[in-house]
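In what follows, a single structure is set out as structure tokens and then discussed.
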Amino acid sequence: MGPPGVGKGTQADLLNRWLRACHLSTGDVFRAAGSRSECEQSPVMKEALSYMRRGDLVPDATVWEMVRERVGCLRCGGGFILDGFPRTLGQAEALKQLMDREGLALTAVVNYELTVSEIVDRLGGRRTCEECKAVFHVTERPPKVAGRCDQCEGKLFQREDDRPESIRVRLEAYDRSTAPLIEFYRSAGLLIRVAATGPPDEICQITVTDLESRRAEQLA
Ligand code: AP5
């Protein structure tokens, strides 16, 4: 968890190298749907994409439908990382019910923390590869060749919802709907707080150490 642009996707990719878990990012699922042709998009998906472009949260029912279709991720042998989900109390409660039915439990909920000015800098400078979706930053994680992906040489683009007017709406949606989940997971004894400052590898290392001690406590 964490506000837009804090580095959740970057950390999920790094953590995956250690965990080899299934990475489910609801934002990535919506963006993949958005890159299909208009006639391949259902009316519900078109509506979801219009929320996303503005920076608003997609309605819970649509998000839940998508997550339910991917319930196999929760049964992955290496575990799973949920990135950008749940984002409302309704989603968190629905997830809990689903996991109880599946006989599963969360190991931890990692909350990444950063100041608003650093968040705005990260979002404004983010560039994503059109082909493989790798994420860069114009100054913090620049590609070797400007405008081209290091991994596949695909063209880099700026996300539509990284425009200043959408960033403002996303931050408001986070404060209103997602921030209350911090208390929800803190009182469930699952919350791990991690400062999202410093190089991504160091942040990942701190996260891994915290997760390992959490797992050791659960096994003891
Ligand atoms: P989503 O894609 O989940 O967007 P988000 O939460 O706003 O998060 P971002 O992807 O913008 O940022 P991030 O935290 O992953 O940061 P990143 O690693 O890229 O969702 C998009 C939209 O979909 C939502 O607004 C909503 O409309 C909809 N949606 C999705 N899920 C939903 C749900 N459950 N319910 C309702 N609606 C939903 O990093 C950002 C930049 O910083 C990059 O350039 C990166 O290179 C750089 N960076 C990362 N780490 C560091 C570091 N340590 N130092 C310097 N730079 C860094």
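The sequence shown begins at 27 in the numbering used here and counts up by one.
By construction, the Cβ of each residue, glycine as well, lies at the ideal position given by its N, Cα and C atoms.
Query: C-beta atoms of residue 220 and residue 136 nearer than 7 angstroms; Result: yes
Query: Sufficient close CB pairs (3 or more, under 8 angstroms) joining the segment 35-48 to the segment 104-118; Result: yes
Query: Residue 153 versus 143, 144, 166 and 142, residue with shortest Cα-Cα distance; Result: 166
Query: Proximity of residue 34 and residue 86 at Cβ, strictly below 7 angstroms; Result: no
Query: Residue 193 to residue 203 span [Cα, whole Å]; Result: 15 angstroms
Query: Per DSSP, the bridge partner or partners of residue 158; Result: Answer is none; residue 158 lacks a bridge partner.
Query: Residue 138 versus residue 28: straight-line alpha-carbon distance, rounded; Result: 5 angstroms
Query: Of the listed residues 65, 49 and 71, nearest to residue 57 (C-alpha basis); Result: 71
Query: Outcome for residue 83 when other beta-carbon atoms lying within 10 angstroms are tallied against a minimum of 16; Result: buried
Query: Straight-line Cα distance separating residue 41 from residue 19; Result: For residue 19 there is no data in the structure shown, the boundaries of the chain being 27 and 246.
Query: Member of 175, 218 and 96 whose CA lies at the smallest distance from the CA of residue 235; Result: 218
Query: Beta-ladder partner(s) of residue 182, from DSSP; Result: 155
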